[in-house]
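Chains as they are written, first to last, in this note's numbering: chain A, 1 to 322; chain B, 323 to 643.
Using N, Cα and C, we set each Cβ at its ideal position, and we do this for glycine too.
To start, the structure itself, in C-alpha cells.
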Amino acid sequence: MPRLSYLKALNRALGDEMDRDPDVFVLGEDMKFALTNVTAGFLDRFGPSRILEMPLTEQGFTNFATGAAMAGRRPVVEFQIPFLLLLVFEQITNQANKFRLMSGGRLSVPATYLCPAAGWRAAWGAQHSDQPYSLFAHMGVKTVLPATPTDAYGLLVSAIRDDDPVVFFGPIATMGVREDVDYASLGPIPLGVGRVHRAGTDVTVVAVGHLVHDALAVAEELADEASVEVFDPRTVYPFDWAGLAASLEKTGRLVVIDDSNRSCGLGGEILATAAEEMRLVAPPKRITRPDGAMVGASPELDVALQPTRAQLTEAIRRVLKS
Amino acid sequence: MTEAVDLYRTIRYIRRFEERAIELVAAGEIASGIHPCIGQEAVGVGVVAALTPDDIVLSSHRGHGHLLAKGCDPARVMAEMCGRVTGIDKGRGGSFHPSDLHANVYNSTGTVGHGAAIAAGIAWTCRPGQVVVNFFGDGAVTQGALLEGFNLASLLRLPVVFVCENNGYATTLPVETAVAGTIIGRGEAFDIPSSTVDGQDVEVVLAAAGTAVQRARTGGGPTLLEFATYRYYGHHTFELKARMKYRTQAEIDRWRARDPLDIAAARVPADVRADVDARIETELDEVVAFAVGSARPDPVDALEYMYTDGLRARAGVVGDA
Numbered sequence: 001m002p003r004l005s006y007l008k009a010l011n012r013a014l015g016d017e018m019d020r021d022p023d024v025f026v027l028g029e030d031m032k033f034a035l036t037n038v039t040a041g042f043l044d045r046f047g048p049s050r051i052l053e054m055p056l057t058e059q060g061f062t063n064f065a066t067g068a069a070m071a072g073r074r075p076v077v078e079f080q081i082p083f084l085l086l087l088v089f090e091q092i093t094n095q096a097n098k099f100r101l102m103s104g105g106r107l108s109v110p111a112t113y114l115c116p117a118a119g120w121r122a123a124w125g126a127q128h129s130d131q132p133y134s135l136f137a138h139m140g141v142k143t144v145l146p147a148t149p150t151d152a153y154g155l156l157v158s159a160i161r162d163d164d165p166v167v168f169f170g171p172i173a174t175m176g177v178r179e180d181v182d183y184a185s186l187g188p189i190p191l192g193v194g195r196v197h198r199a200g201t202d203v204t205v206v207a208v209g210h211l212v213h214d215a216l217a218v219a220e221e222l223a224d225e226a227s228v229e230v231f232d233p234r235t236v237y238p239f240d241w242a243g244l245a246a247s248l249e250k251t252g253r254l255v256v257i258d259d260s261n262r263s264c265g266l267g268g269e270i271l272a273t274a275a276e277e278m279r280l281v282a283p284p285k286r287i288t289r290p291d292g293a294m295v296g297a298s299p300e301l302d303v304a305l306q307p308t309r310a311q312l313t314e315a316i317r318r319v320l321k322s
Numbered sequence: 323m324t325e326a327v328d329l330y331r332t333i334r335y336i337r338r339f340e341e342r343a344i345e346l347v348a349a350g351e352i353a354s355g356i357h358p359c360i361g362q363e364a365v366g367v368g369v370v371a372a373l374t375p376d377d378i379v380l381s382s383h384r385g386h387g388h389l390l391a392k393g394c395d396p397a398r399v400m401a402e403m404c405g406r407v408t409g410i411d412k413g414r415g416g417s418f419h420p421s422d423l424h425a426n427v428y429n430s431t432g433t434v435g436h437g438a439a440i441a442a443g444i445a446w447t448c449r450p451g452q453v454v455v456n457f458f459g460d461g462a463v464t465q466g467a468l469l470e471g472f473n474l475a476s477l478l479r480l481p482v483v484f485v486c487e488n489n490g491y492a493t494t495l496p497v498e499t500a501v502a503g504t505i506i507g508r509g510e511a512f513d514i515p516s517s518t519v520d521g522q523d524v525e526v527v528l529a530a531a532g533t534a535v536q537r538a539r540t541g542g543g544p545t546l547l548e549f550a551t552y553r554y555y556g557h558h559t560f561e562l563k564a565r566m567k568y569r570t571q572a573e574i575d576r577w578r579a580r581d582p583l584d585i586a587a588a589r590v591p592a593d594v595r596a597d598v599d600a601r602i603e604t605e606l607d608e609v610v611a612f613a614v615g616s617a618r619p620d621p622v623d624a625l626e627y628m629y630t631d632g633l634r635a636r637a638g639v640v641g642d643a
C-alpha cells in the first residue's frame, strides 16, 4: 500500500479538486516555485490562469478571492505563515463570512484559506508562531485542523466544495506524518464530524492537530494504567459536540490538549460546554499554551510554552484520581 | 443615448426617496439612521447611466442612490432600510450593507476602501465586455487596501471603473487635511488612467463614465474617476441632532448653488418636470406604505442565513438558564 504524507495529501486533494471542478483556482505568493510544496507541479499542470501568482498584498488578494467567489469561482487562498491570517482576519471574518447573512442568503463566498505551515517551528520567533484557529471559531468561520494525511485529504476536499468560507490549518508538525493509504479509498470527510482515534473507557482526551499524535503516544504509554479514548474533533468550527458527548457518556472524565492560548481558546470552550451539558464525574483539565503566548527566538524559550506529552500524562493521572 | 428627462427623473427620485427616508429615520422606522447622498446624486446616476444591466456595481455605505440608479426595486430598498422581511436582503443588509443580485449590485462593504480588491476579483471573472464599477468616498483613498485593489486591477488589466465620490469630508475630516498628494495621483501611480471631473452635472459625469466604461469593455483595463461633489446633509443622520460645525454655511451655500437636481432640471421643460415630479410623489407614497406596512423579522429567525448548508450556530444560552 502506498505511503502518503500529509503534505502530499494536500497536493493530491487540491489537484483532484482542480481536475474535477474548473472553477477551483489557487492564489498566493511564490506560486511559480510552489514554495510550500502544496502546489508542486501545478503551474505546468493547470497553467497561470488557475495558479495565480500574487504580490505581497494579502489583504488585497483575500478580498480579490472574495469577489471571485461571489461571482461563482472557488478560490483556494494559500498563506505561507499563520500570522498572515491575522493580517486578513477582517477580510475573512467581517467580510467574506458575513456577505451570506448581509445578502439575506443570496450571496455565497465559497473560499478556502489554506495555511499549510500552521503553528510553531523552532526558533522562528514571536511573529511566526501563533496558532489562531480559536479566533476563527470565535467569529463563526468554519475551521478545520486535520491531524492525519487521510483526514487532510478529505477535509481539504470538503472545504473546497463547501459554499461558505473555510479556514484550513495544516499544522507544520504534521507535514511529515505518513500513512498507508489505498488511494481509491480517499474521499471527502464532512466538516463537523470528529474521529475516535483510539477507543477507551476511563478518560477522554480531546486533541487537535499535531497534538493528536502526542495524545496517541501518551495513551499507548499509559495503556497499563488506564484506558484512554483519544477524540479528534478534526473540525474546530462547527465542533462535533455530539461526538464529544458520546465519548464522555462512556468515560465521564475529560482532558483537553490544545495548541491555542489559554484565555478564550478552544480548550476553554470544550471544558465549559462539557461542564454545562455533558456527563462528567470529575473536574476536567486542559493543557494549552499560556495566556497570550509570545514565543522567544531560541528553541529553549519557545519549547517552554508548547503543550507537552509530560503535561498530558500528568493531567490524565490527576483526572483519573479525582 | 440617455435622455435628459431620464437623468432628471432618477436624480429627483433619489432626492425625494432619501428625504422620505430621513422622515422615516425621525419616525423611528429606520433604526440605523442613514448616510444620505443628497447633493451628490449626479455621480451615481451619471455613472450607472453608462452601464448595461449586465454590468456589476459595488456600492458603499452611502449607496441608496447607486442602488436606485442600478434598477433595484425602490419599495424593497426602503423596506430593507426599515429592516423588514420584504427588503432586498430580508432585513439583513440594511441601509449600510445592501446587495441585490437581481440588479447586479454585489455588495456594499462597510470596510471603507476594501471594495476595490473585491471589485477586482469579480472583474477577473467577468465575461468579455462586462464591467464592474466600484464606488467609494474620499475617506477610502487613505486606506492601504484601496491601493492594493488598484495594484491588482492594473496588474491584471481588469475591467473595473473606480469611482471616487469626493464630497470633501471623511465624516468630519476635510479631505485636504487627510490626503497627501492627490486622489488621482494614486491611480496614476499604478498606471491607471485617472481624472478629476465635475460631479454636479450629470451629463458631464455620464460623458466621463462613458469613456471609462468603454475602455474597460474593450480590454483597456481600469480607470479612476474622481468626481468633485458635496453632501448637503451630514455624514449620517445622527448629525441632525449632533450638529458638529466642521463646515461653514457659506461653503454649503456655495455647493447648493450647484445643486445637481437644479442642473438636471434646467434641461427639462417645466411642464414635463411637473408631470415627472407628481408621479414620483405618488410612487414614493406607495414605496413608504409598502416598507412601513411590511412585517418585521421574527426574532426566532435571527440566526438564519449565516451559512449555506443550514448549519445552525449554537444559541447563547442552553436550556432554561
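| Check | Outcome |
| --- | --- |
| Interface flag, Ile602 (chain B) vs chain A, CB-CB below 7 Å | no |
| Among B:Gly366, B:Gly361, B:Asp631 and B:Gly368, the one whose alpha carbon lies nearest that of Pro238 (chain A) | B:Asp631 |
| Residue environment, Pro132 (chain A), which counts as buried when at least 16 other CB atoms sit within 10 Å | buried |
| For Pro582 (chain B), the first and last residue of its enclosing beta strand (DSSP E) | That residue, Pro582 (chain B), is in no beta strand (DSSP E); its alpha helix (DSSP H) goes Pro582 to Ala587. |
| Nearest to Ala534 (chain B) (by Cα), restricted to the options B:Gln522, B:Leu480 and B:His558 | B:Leu480 |
| Coil, strand or helix - Tyr237 (chain A) by DSSP | strand |
| Whole-Å CB distance - Asn473 (chain B) paired with Phe512 (chain B), under 8 Å assumed | 6 Å |
| Where Ile287 (chain A) falls: helix, strand or coil (DSSP) | strand |
| 6 Å Cβ shell around Ala475 (chain B) - same chain, five flanking residues per side excluded | Ala442, Val482 and Pro544 |
| Residue from A:Arg234, A:Gln127, A:Ser263 and A:Thr57 whose Cα sits closest to the Cα of Ile81 (chain A) | A:Gln127 |
| Where the beta strand (DSSP E) containing Lys8 (chain A) begins and where it ends | Looking at the DSSP string, Lys8 (chain A) is not in any beta strand (DSSP E); the run it does join, the alpha helix (DSSP H), is Tyr6 to Arg20. |
| Three-way DSSP call (helix, strand, coil) for Ala462 (chain B) in this model | helix |
| The segment 27–39 of chain A touching the segment 403–411 of chain B, judged by at least three CB pairs closer than 8 Å | no |
| Leu528 (chain B) vs Ala372 (chain B) beta-carbon contact at 7 Å | yes |
| Interface flag, Ser421 (chain B) vs chain A, CB-CB below 7 Å | yes |
| Integer Cβ distance of Met400 (chain B) from Ala349 (chain B), believed to fall under 8 Å | About 13 Å separates the two Cβ atoms, so there is no contact after all. |
| Local Cβ density within 10 Å of Met102 (chain A), reported as buried at 16 or more and exposed below that | buried |
| Interface flag, Asn429 (chain B) vs chain A, CB-CB below 7 Å | yes |
| Residue ranges of each alpha helix (DSSP H) within the segment 168–228 of chain A, 4 or longer | 211–221 |
| Segment contact flag, the segment 542–557 of chain B with the segment 357–370 of chain B, C-beta cutoff 8 Å, min 3 pairs | yes |
| DSSP-derived helix/strand/coil call for Tyr330 (chain B) | helix |
| Best match in A:Glu249, A:Gly176 and A:Glu269 for proximity to Asp258 (chain A) [C-alpha to C-alpha] | A:Glu269 |
| Check whether Val205 (chain A) and Val167 (chain A) have beta carbons under 7 Å apart | no |
| Segment limits, beta strand (DSSP E) that includes Asn63 (chain A) | Counting along the chain, Asn63 (chain A) falls outside any beta strand (DSSP E), though it belongs to the alpha helix (DSSP H) covering Glu58 to Met70. |
| Residue from B:Ile505, B:Glu525 and B:Gly471 whose Cα sits closest to the Cα of Ser517 (chain B) | B:Ile505 |
| Where Met1 (chain A) falls, given that 16 or more other Cβ within 10 Å makes a residue buried | exposed |
| Counted within 10 angstroms of its Cβ, other Cβ atoms place Asp151 (chain A) as buried (16 or more) or exposed | buried |
| Status (buried if at least 16 other CB within 10 Å, exposed otherwise) for Thr493 (chain B) | exposed |
| Ala117 (chain A): first and last residue of the uninterrupted beta strand (DSSP E) it sits in | Thr112 to Ala118 |
| Interface flag, Arg317 (chain A) vs chain B, CB-CB below 7 Å | no |
| N- and C-terminal bounds of the beta strand (DSSP E) containing Asp411 (chain B) | Asp411 (chain B) -> no beta strand (DSSP E), and no H or E assigned at all. |
| Unbroken alpha helix (DSSP H) run spanning Arg576 (chain B), endpoints | Gln571 to Arg578 |
| DSSP state of Thr545 (chain B) mapped onto helix, strand, coil | strand |
| Pick from B:Asp520, B:Gly490 and B:Pro582 that is closest to Gly556 (chain B), judged by C-alpha positions | B:Gly490 |
| Cβ neighbours of His197 (chain A) in the same chain (closer than 7 Å, five flanking residues each side left out) | Val212, Leu216, Val230 and Asp232 |
| CB of Val193 (chain A) within 7 Å of CB of Asp240 (chain A), strictly | yes |
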